[in-house]
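Engineer: Protein sequence lines, in the order shown, are assigned to chains A and B.
Residue numbering for the first sequence follows my numbering, beginning at 1318 and increasing consecutively.
Residue numbering for the second sequence follows my numbering, beginning at 1318 and increasing consecutively.
Using N, Cα and C, we set each Cβ at its ideal position, and we do this for glycine too.
Here the structure is a predicted model, which is why all the values come from computation and not from measurement.
Protein chains: 2
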Amino acid sequence: MGMTRVAFQGVHGAYSELAARFLIDKGGKTAGGAHTIPCESFDEVFRSVERGSAQRGVIPIENSLAGSIHQNYDLLLKHGVHITGELHLRVEHVLMAGPGTSMKSLHTVRSHPQALAQCSRFFETHPGIRPEAFFDTAGAALSLRGAGTAGVGAIASAYAAELYGLTVLRRNLENEPHNFTRFLLIARSPWKLRGGTPTKCSIAFRPASNTPGILFRILGVFSLRDIDLLKIESRPDPASPFEYLFYLDLAGSPREPRVERALAHLQEVVTHYRLLGAYPMGSGRVYGAIKKRNFRSRRK
Amino acid sequence: MGMTRVAFQGVHGAYSELAARFLIDKGGKTAGGAHTIPCESFDEVFRSVERGSAQRGVIPIENSLAGSIHQNYDLLLKHGVHITGELHLRVEHVLMAGPGTSMKSLHTVRSHPQALAQCSRFFETHPGIRPEAFFDTAGAALSLRGAGTAGVGAIASAYAAELYGLTVLRRNLENEPHNFTRFLLIARSPWKLRGGTPTKCSIAFRPASNTPGILFRILGVFSLRDIDLLKIESRPDPASPFEYLFYLDLAGSPREPRVERALAHLQEVVTHYRLLGAYPMGSGRVYGAIKKRNFRSRRK
């Protein structure tokens, strides 16, 4: 019952690491749990999986406020890996500080500029507290363990607060509660398809021509077979400015004959087709559910 | 010949301000030029335009690496404004420092964490230089005008370097040259449609039902009339998790009968329809072209 080595971008306490723990140790079924490996860049996450130094990788692919992370779609197309799972994680920003720092004594709060912007209302109503830009949310939390941090707080996940032994001063600091990030689990081998599990497929392609109506013909491949589309997105191809790349998620498994036929039919009208992965449909999660199972004690 | 007051998010020297100058003063045709107004948030940009304290606003809507900025689509749907123009701006990161700081004496380089990450290869090949997180690229450039910045550089646009009188140490610091941001110009009144100008429309809607094939029926509205689609994107509706919002850009003007009929037909199969704007198709720009016209002398 070995642990699964999972690469993620960031430092311990990052939202990606939390997603990795949910994805690997889902429902307590995986006895070994996750041994999470911090990486400096997304590219390093992919390379770790490709060369086998990690068995899995976890990457954010889209956020409900900030959109699809094209950079990670590019890396999915570049590297020989497969999507084997997904998770929608509620991004809940928590205000934390070292023991002894109270709300009243706070004068500075550190976090990633995006997280600080997502909590702008807190700073408007607390003009005495200065926001300070930091590389990442978990790094800001980690920094509070150092000396000279009296009166300094951080905005990060409740998971980071717990990991670094910080006091939670306030939860749900974000302006906008509908803040979800979708994470993908990646591996060298495809997910072993099982009957009965609702499955989805993620594909990428470029239309074979640039004529009006080509997309209509492409979608006909699915609609004529009653296959439900879960996501569609066009994007100017970075390698070829006047061409478009499409990302498409559909409900179904490539083992179902109608999906198999649709994917074969699709390849008649597109170029650069790639099945990025077929994997169980994910669910939404918040941090509360993971805490009870005490991931912290599992860390080395 | 008054100047046009244009609101943008950020501080002077931001990529958004550069986009505003391109959009307002295009080709030198607008004699008055742009009087740019910095705003703390995107919401403030929209509010400034809505209440008339700015005649125009400029917002980023998508980036070739980071995807669509859903937050700004949400603000377009929330506020009573219209898209009246667009621009694709090449994001070219420049390394700059105050006079007297050379490449050799650099020990720290400040910028927004995303810009620092986009230039990670520079830091890998210069291990003696420490990246430092800052709120924004232009703010990092501005900070170099203060005291105690010997040996400190910033990564921002060449425009910011010029604006703040900094020395450009190296251009094109980014790992990935295909880094474009699409900016939208917004106003209280729609763009006055003129014959002969290639026009595009941006619309948003929610399908009237959630059945397989509904998207195929929706796209039929356009393909049966030979109308070319320039962008399509689905997104889980933040206000209603199991519904999808669609963004669609199409080639044509609502004054063309076939486009007018298609948009009327569309409203039979969708709900929450909104024409976000009809506006001239934009082109791509890089900073070099603007510099010659010496925007700096126009600033108050």
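#1: Is S1381 (chain A) close to chain B, meaning its C-beta is less than 7 Å from at least one C-beta of that chain?
#2: Please confirm if I1446 (chain B) has its CB atom under 7 Å from at least one CB of chain A.
#3: Out of curiosity, what's the CA-to-CA distance linking G1456 (chain B) and G1330 (chain B)?
#4: Within the same chain, show all residues whose beta-carbon is closer than 8 Å to that of G1397 (chain B), passing over the 5 residues directly before and after it, in chain order.
#5: Given this structure, state the Cα-to-Cα distance separating F1612 (chain A) from V1426 (chain B), to the nearest angstrom.
#6: Using the rule of at least 16 other Cβ atoms within 10 Å of the residue's Cβ for burial, across every protein chain shown, is P1638 (chain B) buried or exposed?
#7: Quick check on E1479 (chain B): does DSSP put it in helix, strand or coil?
#8: What does A1450 (chain A) reach in chain B if we use C-beta pairs closer than 7 Å?
#9: Any beta carbon of chain B sitting closer than 7 Å to that of H1495 (chain A)?
#10: Quick one: does K1395 (chain B) have its CB under 7 Å from some CB of chain A?
#11: Which residues does DSSP pair with N1492 (chain A) in a beta bridge?
#12: Under 7 Å between the Cβ atoms of G1491 (chain A) and C1436 (chain A)?
#13: Between F1363 (chain A) and chain B, is the shortest Cβ-Cβ distance under 7 Å, so that the two count as touching?
#14: Can you tell me the Cβ-Cβ gap for V1586 (chain A) and R1534 (chain A), rounded? I've got them flagged as a contact below 8 Å.
#15: Just to confirm, is the Cβ distance from P1507 (chain B) to H1424 (chain B) under 7 Å?
#16: If you draw a straight line from the C-alpha of R1373 (chain A) to the C-alpha of L1562 (chain A), how long is it?
#17: Please confirm if E1550 (chain A) has its CB atom under 7 Å from at least one CB of chain B.
#18: Cβ of H1387 (chain B) less than 7 Å from any chain D Cβ?
#19: Are the Cβ atoms of T1321 (chain A) and A1337 (chain A) separated by less than 7 Å?
#20: Does P1515 (chain A) pass the burial test, meaning 16 or more other C-beta atoms within 10 Å, or should it be called exposed?
#21: Examine chain B for any beta-carbon lying closer than 7 Å to the beta-carbon of P1507 (chain A), and answer yes or no.
#22: Using 8 Å for Cβ pairs, my map puts F1522 (chain B) next to Y1590 (chain B). What's the rounded Cβ distance?
#23: List the endpoints of the continuous alpha helix (DSSP H) containing G1456 (chain A).
#24: Would you report the Cα separation of K1617 (chain A) and E1361 (chain A), rounded to the nearest angstrom?
#25: Going along the chain, which unbroken runs of the alpha helix (DSSP H) with 4 or more residues stay wholly within the region 1506 to 1574 of chain B?
#26: Whose Cβ in chain A lies nearer than 8 Å to the Cβ of L1536 (chain B)?
#27: Quick one: what does DSSP say A1414 (chain B) is sitting in, helix, strand or coil?
#28: Check Q1326 (chain B) in the structure and name its three-state DSSP category.
#29: In the DSSP assignment, find the unbroken alpha helix (DSSP H) run with L1433 (chain A) in it and report its ends.
#30: At a Cβ threshold of 7 Å, is L1567 (chain A) touching chain B?
#31: Is Q1326 (chain B) buried or exposed, if buried means 16 or more other CB atoms sit within 10 Å of its CB?
#32: Identify whether H1352 (chain A) lies in helix, strand or coil by the three-state DSSP scheme.
#33: Please report the straight-line C-alpha distance between D1261 (chain B) and L1486 (chain A), rounded to a whole angstrom.
#34: I need the straight-line Cα distance from S1526 (chain A) to G1537 (chain B), nearest angstrom please.
#35: Would you call G1345 (chain A) buried or exposed, if buried means 16 or more other Cβ atoms sit within 10 Å of its Cβ?
Structural biologist: Judging by the given coordinates:
#1: Along the first sequence, one-based indexing puts residue 1381 (chain A) at 64. Output row for S1381 (chain A): interface = yes.
#2: Locating residue 1446 (chain B) in the second sequence gives position 129, counting from the first residue. By this cut-off, I1446 (chain B) is not an interface position.
#3: To locate residue 1456 (chain B), count along the second sequence from 1; it is residue 139. To locate residue 1330 (chain B), count along the second sequence from 1; it is residue 13. The straight-line gap from Cα to Cα measures roughly 8 Å.
#4: On the second sequence, position 80 is the one that residue 1397 (chain B) refers to. Contacts found: E1367, R1505.
#5: What you label residue 1612 (chain A) is simply residue 295 of the first sequence in a count that begins at 1. What you label residue 1426 (chain B) is simply residue 109 of the second sequence in a count that begins at 1. Unreliable placement is indicated for F1612 (chain A), whose pLDDT of 42 sits below 50; no coordinate value is reported for it.
#6: The structure shown does not extend to residue 1638 (chain B), since chain B is modelled only from 1318 to 1617, so the question has no answer here.
#7: If you number the second sequence from 1, residue 1479 (chain B) lands on position 162. Looking at E1479 (chain B) - three-state DSSP - the assignment turns out to be helix.
#8: Along the first sequence, read from residue 1 onward, the residue named residue 1450 (chain A) stands at position 133. Ordered by position in chain B, the residues that pass the 7 Å Cβ test against A1450 (chain A) are A1450, F1451, F1452.
#9: Taking the first residue of the first sequence as position 1, residue 1495 (chain A) is located at position 178. So yes, H1495 (chain A) belongs to the interface.
#10: For the purposes of this step, residue 1395 (chain B) is taken as residue 78 along the second sequence, with counting starting at 1. No, K1395 (chain B) lies away from the interface with chain A (no Cβ there is under 7 Å from its Cβ).
#11: Residue numbering aside, residue 1492 (chain A) sits at position 175 when the first sequence is read from its first letter. In the DSSP secondary-structure assignment, N1492 (chain A) is not bridged to any residue.
#12: Here residue 1491 (chain A) corresponds to residue number 174 of the first sequence, with the count starting at 1. Here residue 1436 (chain A) corresponds to residue number 119 of the first sequence, with the count starting at 1. In the sequence on display, residue 1491 (chain A) carries Glu and not Gly. In terms of Cβ geometry, E1491 (chain A) and C1436 (chain A) form a close pair [threshold 7 Å].
#13: Taking the first residue of the first sequence as 1, we reach residue 1363 (chain A) at position 46. No, its Cβ sits nowhere closer than 7 Å to a Cβ of chain B.
#14: By 1-based counting over the first sequence, the position of residue 1586 (chain A) is 269. By 1-based counting over the first sequence, the position of residue 1534 (chain A) is 217. Yes, they are in contact, since the Cβ atoms of V1586 (chain A) and R1534 (chain A) sit about 6 Å apart, within 8 Å.
#15: Position 190 of the second sequence, counted from the first residue, corresponds to residue 1507 (chain B). Position 107 of the second sequence, counted from the first residue, corresponds to residue 1424 (chain B). Remark: C-beta atoms of P1507 (chain B) and H1424 (chain B) do not approach each other more closely than 7 Å.
#16: As a first step, residue 1373 (chain A) must be located in the first sequence, where it is residue number 56. As a first step, residue 1562 (chain A) must be located in the first sequence, where it is residue number 245. One alpha carbon belongs to R1373 (chain A), the other to L1562 (chain A), and they sit about 26 Å apart.
#17: The residue given as residue 1550 (chain A) occupies position 233 in the first sequence. Interface with chain B (7 Å Cβ-Cβ cutoff): E1550 (chain A) is included.
#18: No chain D appears in this structure, whose protein chains are A and B.
#19: The residue you call residue 1321 (chain A) lines up with position 4 of the first sequence. The residue you call residue 1337 (chain A) lines up with position 20 of the first sequence. Contact flag unset, no.
#20: As a first step, residue 1515 (chain A) must be located in the first sequence, where it is residue number 198. Counting other Cβ atoms within 10 Å of its Cβ, P1515 (chain A) stays below 16 and is therefore classed as exposed.
#21: The sequence position of residue 1507 (chain A) within the first sequence is 190, counting from 1. At least 7 Å separates the CB of P1507 (chain A) from every CB of chain B.
#22: As a first step, residue 1522 (chain B) is located in the second sequence; it is residue number 205 there, counting from the start. As a first step, residue 1590 (chain B) is located in the second sequence; it is residue number 273 there, counting from the start. Contact flag correct, Cβ pair sits at about 5 Å.
#23: On the first sequence, residue 1456 (chain A) is found 139 positions in, with the first residue counted as 1. Segment 1454 to 1460, the alpha helix (DSSP H) holding G1456 (chain A).
#24: Within the first sequence, residue 1617 (chain A) is the residue found at index 300, counting from 1. Within the first sequence, residue 1361 (chain A) is the residue found at index 44, counting from 1. Note that K1617 (chain A) scores a pLDDT of 34, beneath 50, so its modelled location is shaky; the value from the coordinates is reported in the next line. Roughly 22 Å between the two C-alpha positions.
#25: Annotation: the region 1506 to 1574 of chain B contains the following complete segments of the alpha helix (DSSP H) (minimum length 4 residues), in chain order: 1531 to 1540.
#26: Counting from 1 along the second sequence, the entry for residue 1536 (chain B) is found at position 219. Scanning chain A for C-beta atoms nearer than 8 Å to the C-beta of L1536 (chain B) yields L1532, F1533, L1536, reported in chain order.
#27: Taking the first residue of the second sequence as 1, we reach residue 1414 (chain B) at position 97. Correct three-state label for A1414 (chain B): strand.
#28: As a first step, residue 1326 (chain B) is located in the second sequence; it is residue number 9 there, counting from the start. Residue state, collapsed to three classes: strand.
#29: For the purposes of this step, residue 1433 (chain A) is identified with residue 116 of the first sequence, where counting begins at 1. Note, L1433 (chain A): alpha helix (DSSP H), 1430 to 1435.
#30: Position 250 of the first sequence, counted from the first residue, corresponds to residue 1567 (chain A). Not closer than 7 Å to any Cβ of chain B, the Cβ of L1567 (chain A) fails to qualify, so no.
#31: Taking the first residue of the second sequence as position 1, residue 1326 (chain B) is located at position 9. Burial check for Q1326 (chain B): the Cβ neighbour count within 10 Å reaches 16 or more, so the residue is buried.
#32: Looking up residue 1352 (chain A) in the first sequence gives position 35. Taken through DSSP and simplified to helix, strand or coil, H1352 (chain A) comes out as strand.
#33: This structure does not reach residue 1261 (chain B), given that chain B is present from 1318 up to 1617, and the question cannot be answered.
#34: Sequence index remark: in the first sequence, residue 1526 (chain A) carries index 209 (1-based). Sequence index remark: in the second sequence, residue 1537 (chain B) carries index 220 (1-based). Their backbone Cα atoms lie some 18 Å apart in a straight line.
#35: The sequence position of residue 1345 (chain A) within the first sequence is 28, counting from 1. Low confidence applies to G1345 (chain A): its pLDDT is 46, below 50, so where it sits in the model is not reliable enough to give any reading.
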